[in-house]
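*Asks:* Using the numbering used here, the first residue of the sequence shown is number 2, and each one after it goes up by one. Backbone N, C-alpha and C fix where the C-beta goes; we use that ideal spot for every residue, glycine too. The structure displayed is predicted, hence computed values, not measured ones. First the structure, which I've put down as structure tokens, then a few questions once you've had a look.
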Amino acid sequence: MLVAIISDTHMPRGERVLPRACVERLGSAELILHAGDVCSASVLREIEAIGPPVHAVQGNMDEQALRTLLPAALELELEGVRVAMTHDAGPTEGRLVRMRGRFPAATAVVFGHSHMPALETDETGFALFNPGSPTERRRAPRHTMGIARIAAGAIEFELLDV
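So this is what it looks like as structure tokens:
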């Protein structure tokens, strides 16, 4: 299973749009995960119109109408892999242990908020993944998104520049 992962799109804002490379990756995936700060329900609908099913969680910048539609956290069973999502995983220090405690049944946690791409794993294979942002890089060197490949009960993350 190929999963496209984005976060912190912060749209609409000015002339901001998803980069073409991001839209192509979203369209070629079997599932899209958005880790919050979509910002508006209309943008969520635009992402859903790309084609694959979308699962999203609310972010701190999302409008109220969107916050009523989306959960603060979500856990999905994908091809035998339990993937949790939340927007803000908190400070870097202790994050891996904290998220493991919050989502004990998960194999991986996808999060956003910082706009800083990250992949952390522990000795058990538990993973934390932040895809960064395809539209608002802030302190990150590039606009990014992620993909995950899930097969045989395992998940592998990859960060992509867009």
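According to DSSP, what are the bridge partners of residue 150?
*Replies:* Paired residue(s): 3 and 157.
*Asks:* Pick from 126, 59, 35 and 58: whose alpha carbon is nearest that of residue 48?
*Replies:* Cα-wise, what sits closest to residue 48 is 35.
*Asks:* Which same chain residues end up closer than 6 angstroms to residue 5 when comparing Cβ atoms and leaving out the 5 residues on each side of it in sequence?
*Replies:* Only 26, 27, 30, 33 and 148 meet the Cβ criterion.
*Asks:* For residue 162, count neighbouring C-beta atoms within 10 Å of its own C-beta (all shown protein chains included) and say buried if the count is 16 or more, exposed if not.
*Replies:* Flag for residue 162 reads exposed.
*Asks:* Suppose you measure from the CA of residue 96 to the CA of residue 15; what does that come to, to the nearest Å?
*Replies:* Roughly 33 angstroms separates the two Cα atoms.
*Asks:* Report the partner residues of residue 83 according to the DSSP bridge assignment.
*Replies:* Paired residues: 78.
*Asks:* Quick one: Cα of residue 131 to Cα of residue 88, how far?
*Replies:* The alpha-carbon atoms of residue 131 and residue 88 are separated by roughly 9 angstroms.
*Asks:* On a CA-only basis, which of 38, 44, 70 and 114 is nearest residue 18? Give me that one, please.
*Replies:* Residue 44 is the option with its Cα nearest to residue 18.
*Asks:* Counting only beta-carbon atoms, is residue 64 nearer than 8 angstroms to chain B?
*Replies:* The structure shown contains no chain B, having only a single protein chain.
*Asks:* For a quick check, are the C-beta atoms of residue 139 and residue 106 less than 8 angstroms apart?
*Replies:* Contact flag unset, no.
*Asks:* CA-CA distance, residue 60 and residue 136?
*Replies:* Looking at the two C-alpha atoms, the distance is approximately 15 angstroms.
*Asks:* Could you tell me which of 53, 68, 52 and 101 sits nearest to residue 76, measuring between CA atoms?
*Replies:* Checked all of 53, 68, 52 and 101; the closest Cα to residue 76 is 101.
*Asks:* Residues in its own chain within less than 6 angstroms of residue 112 by CB, not counting five upstream and five downstream?
*Replies:* Here the set comprises 36, 87, 90 and 131.
*Asks:* Roughly how many angstroms separate the alpha carbons of residue 65 and residue 120, rounded to a whole number?
*Replies:* Using only the alpha carbons, I get a separation of about 30 angstroms.
*Asks:* Can you tell me the Cα-Cα spacing of residue 13 and residue 63, whole angstroms?
*Replies:* Those two C-alpha atoms are separated by around 11 angstroms.
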